[in-house]
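If you count the sequence shown from 1, you need to add 8 to reach this note's numbering. Take a look at the structure below.
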Amino acid sequence: MPDCLPSARLNSVTLRENIPVSVTIELTRRCPLSCLHCYLPETRGRAAAGRELAAAQWKKILRQLARAGGLYLVFTGGEPLLRPDLAEICAYAKKLNFDVRVFSSGLGLTAELARELKEAGLSAFEISLYGRPAVHDGITGLAGSFARSLAAARELRSAGIRVKIKAPLMNLNAGQANWLKALAKKEGFAVSFDLVIVPANDGDKTALKYRLGGRALAAAVCLTESLVPAVPADGRPSAQDLLCGAGRNVCALDPAGNLYPCLQLPVKLGNLTRRKFAAVWKNAWLKKWRRASVGDLQACLSCPDIEYCSRCPGISLLEEGNSFAPNAPACALARALRHKSGS
């Protein structure tokens, strides 16, 4: 991405100044689905959903995030549509000038709620679909869930809200990518794919058996052009390229108000019902994290695939016990991307 683009300049400035420009909020960990690959132990029955903040508490936190420079806000779950105050919270966030999006299965959406979300100023709605009905329902564990999710997507489109289909590709549904692309084109939805299945937040690695590898991963890479990372002009990735914006210009909150660098980097930094965001955002762990550099990635520096790497430090932490260690999915994906480029 050229440095002259406004988005690139915004990313550069917010990284340098540690402005939390993008925030993801889990409003609940309750969910009507039990997806085989889900990283939340709550949806797989290994933990209770736990405490959820009320709308008034979220509004107080949103004001702090806005003052800190937040611009982009995602509400997710679990299933955020299980919150009867979702439209109210979205509308309040919009009044604070956030760009507001919702990530959801779509289950629980009604025509009335779609209209309320449109009036609340929702920017876009992203719905998870995994393939044809039988494939989708097999992954979610709920018969009829495909039909309900697609109906929700159409309802949102009718209300004037932009819809994106998003799907992780795994050995359960890798052959569905072209079908999902065709469906998105027919319905007027955007579409995106993710090739990395992650461990659960509690360390459980059961879902990793669904990861693509070898020829299947290479084939999926060829189908998903948007996943190709930009290779730096000088061929030398920076800390920004390899360590991401987690805890720098990105952060996340769980349903109880606990702050994390990112949902994929489960390091609990503090609770915003007890401490101000400004104080937690400057804590000792984050100060040390922000001083990290490419030099901390010693095991990666001599890798021939490093120019194509889009490693996630959260996956490294969960799988290897070290945020700076290489992780298997990033290595496999980088290798596939390099081969695709012909290098």
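For glycine and all other residues, C-beta sits at the position ideal for the given N, C-alpha and C.
{"query": "Local conformation of T281 per DSSP, three classes", "result": "coil"}
{"query": "Chain-order list of residues whose beta-carbon lies under 8 Å from that of L41 (same chain, five-residue window excluded)", "result": "T51, E87, S113, L115, T148, G149, L150, S153"}
{"query": "Exposure of N105, with buried meaning 16 or more beta-carbon neighbours within 10 Å", "result": "exposed"}
{"query": "Status (buried if at least 16 other CB within 10 Å, exposed otherwise) for E60", "result": "buried"}
{"query": "Inter-residue CB distance, L108 and L73 (contact presumed, cutoff 8 Å)", "result": "With the sequence shown as reference, residue 108 is identified as Val, and Leu is not the correct amino acid for it. That belief does not hold up - the Cβ atoms of V108 and L73 are roughly 12 Å apart, past 8 Å."}
{"query": "L70 versus G78: straight-line alpha-carbon distance, rounded", "result": "9 Å"}
{"query": "Candidates A175, Y100, I169, of which the one nearest C46 by Cα", "result": "A175"}
{"query": "Simplified DSSP state of T32, which is helix, strand or coil", "result": "strand"}
{"query": "Status (buried if at least 16 other CB within 10 Å, exposed otherwise) for C7", "result": "This structure gives no information on residue 7, because the portion of the chain shown stretches from 9 to 351."}
{"query": "Alpha helix (DSSP H) segments (min. 4 residues) lying fully within the segment 103 to 152", "result": "119 to 127, 141 to 148"}
{"query": "Heavy atom of the ligand ATP within 6 Å of T36 beta-carbon", "result": "Absent from the structure shown: the ligand ATP. Ligands present: none."}
{"query": "Range of the contiguous alpha helix (DSSP H) that encloses I173", "result": "Note, I173: premise wrong, no alpha helix (DSSP H); beta strand (DSSP E) at 170 to 176."}
{"query": "Proximity below 7 Å, CB of G221 to CB of L273", "result": "no"}
{"query": "Backbone secondary structure at C339 - three-state DSSP", "result": "helix"}
{"query": "Selection from L341, V302, T232 that minimises the alpha carbon distance to V184", "result": "Residue identity differs from the one stated: residue 184 is Gln in this sequence, not Val. Nearest C-alpha to Q184: T232."}
{"query": "Under the three-state DSSP convention, the category V21 falls into", "result": "helix"}
{"query": "Residue range of the beta strand (DSSP E) that includes S200", "result": "198 to 202"}
{"query": "Within 7 Å, strictly: CB atoms of G139 and N181", "result": "yes"}
{"query": "M9 classed as buried or exposed, judged by whether at least 16 other C-beta atoms fall within 10 angstroms", "result": "Bear in mind that a pLDDT of 44 at M9, under 50, signals an unreliable position, so the model cannot answer this."}
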